[in-house]
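Residue numbers (full-length UniProt numbering): 1 to 460.
In this text, a Cβ means the ideal position worked out from N, Cα and C, and glycines have one as well.
Bear in mind that the values here come from a model prediction, so they are computed numbers and not experimental data.
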């Protein structure tokens, strides 16, 4: 081989030159001893715990709920099967005893008594129930007046306190009356002058009549004088109108309350110039609080019931409550309903009136409205909590005389608060479950606890 050159040399080794293969001994699959011991100890703990709890149950120290009993039986069966599979007998040095049946002729165990479920029940009662329609309403003043000036001038006096109750005719403000007094005096002076002219013209007419009889004046001159008298009579009427206008303008300088109500904040201060055509010349706003109205909306589906009562001449009582329905504010009557339904909301606007003697209602206040629509007499009433629902309909769990329950289908009527009217399916005095119904089924024996907490155990 020359220096700097490389070559690949293939070396072939025959199988005859290799040593013979060595056979390894067979190792069987072995379960890890630590894992088996862990399972055995877990099963022993389960059995010991179940046995201890079973001893307490046997001694009557504790009462096991029915669902727990079923789960405990299933757990015990699983644990026993697991111990049998893992060979608990080899661990203890003895074999597990084989399950044997009862000896021939021996009496087998009796049927297990079903557990008693504690519940709270209430008897259906017979009595009246008031049916209300509820809505959210807003208080609206019966009349709202913005007080404005009707003449131009300077405000020389503000005669009211902000927020006070004013009576119709009370002085609110006064505008400088001197310009109007001058106009009145001028009109009265003009009238006095024209009255003097009229008086003189009438005297001339009488004189012309005498001269006419003596053929001293012509008929035309007499007629002209009579026309002058009539002209001056018209001037007197115009002067009287000017006087009345001046008096009216002078009266407008005293601004009085047009209605009785509560006056708001002062919008113009004393000394300012106010003008009739100025949009910002309002002095104050007065709202009438007694009586007062409440506007609210009712669904269109409830309108026929309301109209039926109104057409029969029956006054419908309306009550207002505060925001959380805990404080009753006022009681009034339904005044009227609107003449059309709002197509956007499917509701109709209603208006109720309240005397509001104590000023409990305030304009633009939001209140909860309850309209007394009807009073059901001799109705079967149960708590709403007793009503159960299923795909088949509504039902209640009724407690029978043997302290077992049955499901009764019922037809519901109107409700009010926590009370529900039962149209059919239940009679007054029937006991219905209000608490614990989720653990019941047909035939379950119950222990009824009343509202005070005492229990009535089922009959054996």
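Asked                                                                                                                                                                                     : Found
In this structure, what does DSSP give as the bridge partners for residue 130?                                                                                                            : 375
Tell me which same chain residues have a C-beta within less than 8 Å of the C-beta of residue 164, skipping the five on either side of it?                                                : 262, 263
Are the stretch 226-244 and the stretch 126-135 touching by the rule of at least three beta carbon pairs closer than 8 Å?                                                                 : no
My understanding is that residue 270 touches residue 155, with C-beta atoms under 8 Å, so please give their C-beta distance in whole angstroms.                                           : 5 Å
Measure the CB-CB distance between residue 351 and residue 331 and report whether it falls below 8 Å.                                                                                     : no
Looking at the structure shown, is residue 125 part of a helix, part of a strand, or coil, going by DSSP?                                                                                 : strand
For residue 272, count neighbouring Cβ atoms within 10 angstroms of its own Cβ and tell me buried if that reaches 16, exposed if not.                                                     : exposed
For residue 160, which option in 208, 220, 210, 256 has the closest C-alpha, if you only look at C-alpha atoms?                                                                           : 256
Does the Cβ of residue 280 have 16 or more other Cβ atoms within 10 Å, making it buried, or fewer, making it exposed?                                                                     : exposed
Is residue 197 helix, strand or coil when you go by DSSP?                                                                                                                                 : helix
With a Cβ-Cβ cutoff of 8 Å, do residue 426 and residue 384 count as a contact?                                                                                                            : no
Are the CB atoms of residue 249 and residue 354 nearer to each other than 8 Å?                                                                                                            : no
With a threshold of 16 other CB atoms inside 10 Å of the CB of residue 364, please say whether the residue is buried or exposed.                                                          : exposed
What three-state label does DSSP hand residue 188 in the structure shown?                                                                                                                 : helix
Under 8 Å: do the stretch 397-408 and the stretch 424-438 share three or more Cβ pairs, one atom per stretch?                                                                             : yes
Applying the 10 Å Cβ sphere with the 16-neighbour rule, what's the burial state of residue 319?                                                                                           : buried
If you measure between the beta carbons of residue 406 and residue 130, is that distance less than 8 Å?                                                                                   : no
Tell me whether residue 300 sits in a helix, a strand or coil according to DSSP, three-state version.                                                                                     : helix
From this set, 235, 252, 288, 224, which residue's C-alpha is nearest residue 187's C-alpha?                                                                                              : 235
Could you name the residues of the same chain whose beta carbon sits closer than 8 Å to that of residue 191, not counting the 5 residues immediately before and after it, in chain order? : 236, 239, 240, 242, 243
How far does the alpha helix (DSSP H) with residue 250 in it extend, from its first residue to its last?                                                                                  : 219-252
Quick one: what's residue 270 bridged to in DSSP?                                                                                                                                         : Residue 270 is not bridged to any residue.
On the three-state DSSP scale, how would you describe residue 164?                                                                                                                        : coil
CB of residue 361 to nearest heavy atom of the ligand ZN: below 7 Å?                                                                                                                      : Judged by which ligands are present, the structure shown has none, so any question about the ligand ZN falls away.
Would you mind reading off the limits of the beta strand (DSSP E) that contains residue 261?                                                                                              : 261-263
On the three-state DSSP scale, how would you describe residue 400?                                                                                                                        : coil
In chain order, what residues of the same chain have a beta carbon less than 6 Å from the beta carbon of residue 370, not counting five sequence neighbours either side?                  : 132, 134, 319
Below 6 Å CB to CB, which residues in the same chain sit around residue 146 once its five sequence neighbours on both sides are set aside?                                                : 282, 285
Tell me the rounded alpha-carbon separation between residue 216 and residue 189.                                                                                                          : 37 Å
With the cut-off set at 8 Å, would you say residue 306 and residue 149 are in Cβ contact?                                                                                                 : no
Run through the DSSP bridge pairs and tell me what residue 342 is partnered with.                                                                                                         : 347
In angstroms with no decimal places, state the Cα-to-Cα distance between residue 357 and residue 447.                                                                                     : 54 Å
What residues in its chain sit with their C-beta under 6 Å from that of residue 210, if we drop five residues either side in the sequence?                                                : none
Considering only the alpha carbon of each residue, which of 194, 424, 345, 144 lies closest to residue 291?                                                                               : 144
Let's test the definition: count the other Cβ atoms within 10 Å of the Cβ of residue 253 and tell me whether it reaches 16, buried, or not, exposed.                                      : buried
Using only the alpha-carbon positions, how far apart do residue 411 and residue 373 sit?                                                                                                  : 21 Å
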